[in-house]
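Asker: Sequential numbering from 71 applies to the sequence shown in this note's numbering.
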Amino acid sequence: MPGTFFGPYGENNSTYANAGNANLGRFPLGHRLILPDGRVYRFGLNDGTVEVAGRLYQSVAPVAAHTNVTADTTRAIGAAIVSGTLGGGSSAAVDIYAEGLAHINDAVGEGYSYRIRRAMTAAGAHAAAAVSTVLTVNLEAGDTVQVALDTTSEMSFSRNRFHAVLLHLSPPTAQLAGVSPGVAAADRFLWYQTGGEAAVLVEGTLLAGLPVQASINTDGAPENAKRRVRTGSTATTGITDAGALLEDQDGAEVNVR
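#1: Counting only runs that start and end within the segment 260-303, where is the beta strand (DSSP E) found for 3 or more residues in a row?
#2: Measure the C-alpha to C-alpha separation of tyrosine 127 and valine 217 and round it to an integer number of angstroms.
#3: Rank Ala131, Thr214, Ala134 by C-alpha distance to the C-alpha of alanine 146 and give the top, closest one.
#4: Shorter than 6 angstroms, the distance from the beta carbon of histidine 136 to the closest heavy atom of the ligand FAD, or not?
#5: Which residue comes first and which comes last in the beta strand (DSSP E) that contains valine 122?
#6: Entirely within the segment 192-257 and at least 3 residues each: give me those beta strand (DSSP E) ranges in chain order.
#7: Looking at the structure shown, is asparagine 35 part of a helix, part of a strand, or coil, going by DSSP?
#8: Go ahead and label arginine 96 buried or exposed: buried means 16 or more other beta carbons lie within 10 angstroms of its beta carbon, across all protein chains shown.
#9: Could you tell me which of Asp220, Ala135, Asn175, Gly124 sits nearest to alanine 268, measuring between CA atoms?
#10: Checking the sheet assignment: what are the DSSP bridge partners for alanine 141?
#11: Identify whether glutamate 81 lies in helix, strand or coil by the three-state DSSP scheme.
#12: Quick one: give me the first and last residue of the beta strand (DSSP E) that tyrosine 111 is part of.
#13: Count the other CB atoms within 10 Å of the CB of leucine 115; is the residue buried (16 or more) or exposed (fewer)?
#14: Does serine 129 pass the burial test, meaning 16 or more other C-beta atoms within 10 Å, or should it be called exposed?
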């Protein structure tokens, strides 16, 4: 299971070859590295493309055909395996969900999430599943079914957010993974920075001390945080006929009447 590694300077720039199976890295996915100055990193596997230094990265987006799928069989309390029939349109490759989660999101067993086992050898990986066939995953030791499942139970399979990490899309389509600290070859394990000072590509001019968000216009970059404001035929109590003025983070005023 992921833990914390208090490491030396330079470890944050280390990369490691994929050992031939998606999750056979030196550390578990998401393992935390803390440098002596407090900068924080998380261990991940890239998506098979060369990393770019100082870019923001995200996880793989959920697959619709692997979401809200029906359990194919019953599973008793204490079972260490769960399985569901995938929808049409998308297959599941070997071991893509190792170190991820199986969420029971509807009907019997709703509300529970189970961690999918990390494959310590290639033979321990979950098998591939073709379109509209059953995907079966083993659970981590100790994380067993808490409420018996039946064929009405619906589940969703979620990848570990540090597996097959890709350049953040604008707008992002999944959870953020962190900032790449340097150039890494394709199909390598590396450390993504998640805390502390970092050199990062940005969109526009960031303002010191104010929050940022993943850009909705520029891949791999953050921008100043935005806030949505509802306009239209909603209640306008407290707003005069002149409208309402909003001030953005750059000091400009916008009339939103």
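Glycine included, each C-beta is placed from N, C-alpha and C at the ideal position.
Answerer: Answer, in terms of the structure:
#1: 282-284, 292-294
#2: Taking the sequence shown and counting its residues from 1, the one referred to as residue 127 is at position 57. Taking the sequence shown and counting its residues from 1, the one referred to as residue 217 is at position 147. Each residue's alpha carbon lies about 36 angstroms from the other.
#3: Numbered from its first residue, the sequence shown carries residue 146 at position 76. Comparing Cα positions, the closest option is Thr214.
#4: Among the ligands in the structure shown, none appear at all, so the ligand FAD cannot be discussed.
#5: Counting from 1 along the sequence shown, the entry for residue 122 is found at position 52. Valine 122 -> no beta strand (DSSP E), and no H or E assigned at all.
#6: Runs found: 204-208, 224-228, 246-249.
#7: A query on residue 35 cannot be resolved here, the shown segment of the chain reaching from 71 to 327 and no further.
#8: Within the sequence shown, numbered from 1, the residue matching residue 96 stands at position 26. Per the 10 Å Cβ criterion, exposed.
#9: Here residue 268 refers to the residue found at position 198 when the sequence shown is read from its first residue. Here the closest residue by C-alpha is Gly124.
#10: Taking the sequence shown and counting its residues from 1, one reaches residue 141 at position 71. DSSP, once it has assigned bridges, lists Gly154 as partnering alanine 141.
#11: Your numbering for residue 81 matches position 11 in the sequence shown. Glutamate 81 falls in the helix class under three-state DSSP.
#12: Stepping through the sequence shown from its first residue, residue 111 is reached at position 41. Where tyrosine 111 is concerned, the enclosing beta strand (DSSP E) stretches over 110-115.
#13: For this step, residue 115 is matched to residue 45 along the sequence shown. Leucine 115 counts as buried, since at least 16 other C-beta atoms from the protein chains shown sit within 10 angstroms of its C-beta.
#14: Residue numbering aside, residue 129 sits at position 59 when the sequence shown is read from its first letter. A residue is called buried once 16 or more other Cβ atoms fall within 10 Å of its Cβ, and serine 129 is buried on that count.
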